[in-house]
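S.K.: This is the structure I want to talk about, given as structure tokens.
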Amino acid sequence: MKSYSHLTAFITGATSGIGRAIAELFAEAQMRLILTGRRQDRLDLMKKELSEKTQIYTLNFDVSQKQAVKAAIATLPDSWKNINILVNNAGNAHGLAPFQDGSLDDWEAMIDINIKGILYVTKEILPFMKLQTHKHILNIGSIAGIEVYPNGNVYCASKRAVAALSEALRIDLLKEGIRVSEIKPGLVETEFSLVRFKGDEARAAQVYQNYSPLQAEDIAEIAFFILTRPAHVNIADLLVLPTDQAKSTIINKKI
Ligand code: NDP
Ligand code: 8X3
Numbered sequence: 084m085k086s087y088s089h090l091t092a093f094i095t096g097a098t099s100g101i102g103r104a105i106a107e108l109f110a111e112a113q114m115r116l117i118l119t120g121r122r123q124d125r126l127d128l129m130k131k132e133l134s135e136k137t138q139i140y141t142l143n144f145d146v147s148q149k150q151a152v153k154a155a156i157a158t159l160p161d162s163w164k165n166i167n168i169l170v171n172n173a174g175n176a177h178g179l180a181p182f183q184d185g186s187l188d189d190w191e192a193m194i195d196i197n198i199k200g201i202l203y204v205t206k207e208i209l210p211f212m213k214l215q216t217h218k219h220i221l222n223i224g225s226i227a228g229i230e231v232y233p234n235g236n237v238y239c240a241s242k243r244a245v246a247a248l249s250e251a252l253r254i255d256l257l258k259e260g261i262r263v264s265e266i267k268p269g270l271v272e273t274e275f276s277l278v279r280f281k282g283d284e285a286r287a288a289q290v291y292q293n294y295s296p297l298q299a300e301d302i303a304e305i306a307f308f309i310l311t312r313p314a315h316v317n318i319a320d321l322l323v324l325p326t327d328q329a330k331s332t333i334i335n336k337k338i
């Protein structure tokens, strides 16, 4: 694989699922990686494993906590401030309930993590990124940002906001030469449903049964392709579905 050791990527939510797969693939390409998340044990393990392939720096913070984001990113040593790529991936669904039965805590978590998290992290990284030649922001949105599905209400709204922000950033950063892209995956088998269903493993497993969902590695390959196009090419917006999925709730389950 070609070496991209001249590029530094900052990845949120690198401790699991899509973010982890992106980190693993980018490490193969020798990109310097700043990996972030809240689970320190996983960050430590990833640092240990991926340091055999590339330089790794880890930061532990909650993307929804404005001061924590600011404070963590402020600790980056000068040698890690040359950030070329930001992958805004951290996020989750919390609950799946009709609006009238929804939990305010779940709603706030999704708005704070999925929307405000992107704002806080991007705001802190931009001053570093602006100084680079290769500069690119990749947001992980969702099919949920295109079509609302039953009981998805606030999660779908949060991902619609990611789509709007991706578009807004592309407009406002145009003159800065910063590319902004969004991948909108359909169903990907990760810890996503385990979080949505608050640790209910059986219910989470059902989401991915009797068809072939996307794997995190599928999204990582697409992310890598998007982020390594020639300077004049920006793949702005991409819906990626498993072959067995046609719409959010239309899935070819073999049962
Ligand atoms: P996972 O649950 O496997 O991974 C989520 C990642 O986000 C973890 O690394 C987690 O790390 C991090 N994270 C969650 N909350 C916070 C927080 N408050 N602060 C910092 N980091 C946080 O899910 P996925 O990999 O599936 O999700 C990644 C992204 O992909 C999300 O934005 C999700 O909405 C989106 N997506 C997922 C789809 C799917 O079907 N799986 C489909 C479409 C989009 P830690 O817990 O260590 O903080
Ligand atoms: C995650 C996919 O369909 O559960 O964004 O919303 S879905």
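Here our numbering is used: position 125 in the sequence shown is 208, and no number is missing along the way. Note that CB positions come from ideal geometry on N, CA and C, so glycine has one too. Since this is a predicted model, take the numbers as computed values, not measurements.
1) Exposed or buried, which one is M129 when buried takes at least 16 other CB atoms within 10 Å?
2) From P181 to V316, what does the alpha carbon distance come to, in whole angstroms?
3) Taking C-alpha atoms, which residue in I318, I229, Q113 lies nearest to G269?
4) Measure how close the beta-carbons of N175 and F275 come, nearest whole angstrom, since I'm counting them as under 8 Å.
5) For E132, count neighbouring Cβ atoms within 10 angstroms of its own Cβ and tell me buried if that reaches 16, exposed if not.
6) Pick helix, strand or coil for Q113, following the three-state DSSP scheme.
7) I need the straight-line Cα distance from K85 to F109, nearest angstrom please.
8) What I want to know is whether the C-beta of I201 ends up closer than 7 Å to one or more non-hydrogen atoms of the ligand NDP.
9) Since F93 is in the beta strand (DSSP E), which residue starts that stretch and which ends it?
10) Is I338 near N293, with beta carbons less than 8 Å apart?
11) Go to E265, then tell me how far its beta strand (DSSP E) extends in each direction, as first and last residue.
12) Considering D320, what are the terminal residues of the beta strand (DSSP E) in which it resides?
13) DSSP has Q328 in a bridge; who is on the other side?
14) Who are the Cβ neighbours of K136 in its own chain at under 7 Å, not counting the five residues just before and after it?
15) In the structure shown, what three-state DSSP assignment does N236 receive?
16) Can you tell me which of the three DSSP states Y203 falls into?
17) With DSSP collapsed to three states, give me the class of N172.
18) For the ligand NDP, is there a heavy atom less than 7 Å away from the beta-carbon of F182?
19) Please classify H219: is it buried, with 16 or more other beta-carbons within 10 angstroms of its beta-carbon, or exposed?
20) If you measure between the beta carbons of I105 and I94, is that distance less than 8 Å?
21) If the criterion is Cβ atoms closer than 8 Å, does the pair Y203 and V146 meet it?
22) Do T205 and N171 have their C-beta atoms closer together than 8 Å?
23) Quick one: measure Cβ to Cβ for K350 and N197, integer angstroms, because I've assumed they're closer than 8 Å.
M.R.: With the structure as the only source:
1) Here residue 129 corresponds to residue number 46 of the sequence shown, with the count starting at 1. M129 comes out buried.
2) The residue you call residue 181 lines up with position 98 of the sequence shown. The residue you call residue 316 lines up with position 233 of the sequence shown. Straight-line Cα distance between these residues: approximately 41 Å.
3) Here residue 269 refers to the residue found at position 186 when the sequence shown is read from its first residue. Considering only alpha carbons, the answer is I229.
4) On the sequence shown, position 92 is the one that residue 175 refers to. On the sequence shown, position 192 is the one that residue 275 refers to. Contact flag correct, Cβ pair sits at about 6 Å.
5) By one-based count along the sequence shown, residue 132 stands at place 49. The residue in question, E132, is exposed, as its Cβ has fewer than 16 Cβ neighbours within 10 Å.
6) If you number the sequence shown from 1, residue 113 lands on position 30. Residue state, collapsed to three classes: coil.
7) Position 2 of the sequence shown, counted from the start, is the residue given in the question as residue 85. Position 26 of the sequence shown, counted from the start, is the residue given in the question as residue 109. Roughly 11 Å separates the two Cα atoms.
8) Residue mapping note: residue 201 aligns to position 118 of the sequence shown, counting from 1. Not under cutoff, so the answer is no.
9) Counted from its first residue, the sequence shown places residue 93 at position 10. Taken as a continuous stretch (DSSP letters only), the beta strand (DSSP E) holding F93 covers 91–94.
10) In the sequence shown, counting from the first residue as 1, residue 338 sits at position 255. In the sequence shown, counting from the first residue as 1, residue 293 sits at position 210. It is a contact, given that the beta carbons lie within the stated cut-off.
11) Position 182 of the sequence shown, counted from the first residue, corresponds to residue 265. It spans 262–268 - the beta strand (DSSP E) in which E265 sits, taken as one unbroken run.
12) Counting from 1 along the sequence shown, the entry for residue 320 is found at position 237. Residues 320–323.
13) Counting from one through the sequence shown, the residue named residue 328 turns up at place 245. Looking at the DSSP assignment, Q328 forms a beta bridge with I334.
14) Your numbering for residue 136 matches position 53 in the sequence shown. For K136, where only same-chain residues beyond five positions count, the Cβ hits under 7 Å are A110, E111, Q113.
15) As a position in the sequence shown, residue 236 is number 153, starting the count at 1. Helix at N236.
16) By 1-based counting over the sequence shown, the position of residue 203 is 120. Y203 falls in the helix class under three-state DSSP.
17) Within the sequence shown, numbered from 1, the residue matching residue 172 stands at position 89. DSSP places N172 in coil when its eight states are reduced to three.
18) Position 99 of the sequence shown, counted from the first residue, corresponds to residue 182. No, the Cβ of F182 stays beyond 7 Å of every heavy atom of the ligand NDP.
19) Numbered from 1 along the sequence shown, position 136 holds the residue referred to as residue 219. Classification of H219: buried, given that the 10 Å Cβ count is 16 or more.
20) The residue you call residue 105 lines up with position 22 of the sequence shown. The residue you call residue 94 lines up with position 11 of the sequence shown. Their beta carbons are under 8 Å apart, which means I105 touches I94 by this criterion.
21) Counting from 1 along the sequence shown, the entry for residue 203 is found at position 120. Counting from 1 along the sequence shown, the entry for residue 146 is found at position 63. Result yes, Cβ atoms of Y203 and V146 sit closer than 8 Å.
22) Along the sequence shown, one-based indexing puts residue 205 at 122. Along the sequence shown, one-based indexing puts residue 171 at 88. In contact: T205 and N171 (Cβ atoms closer than 8 Å).
23) A query on residue 350 cannot be resolved here, the shown segment of the chain reaching from 84 to 338 and no further.
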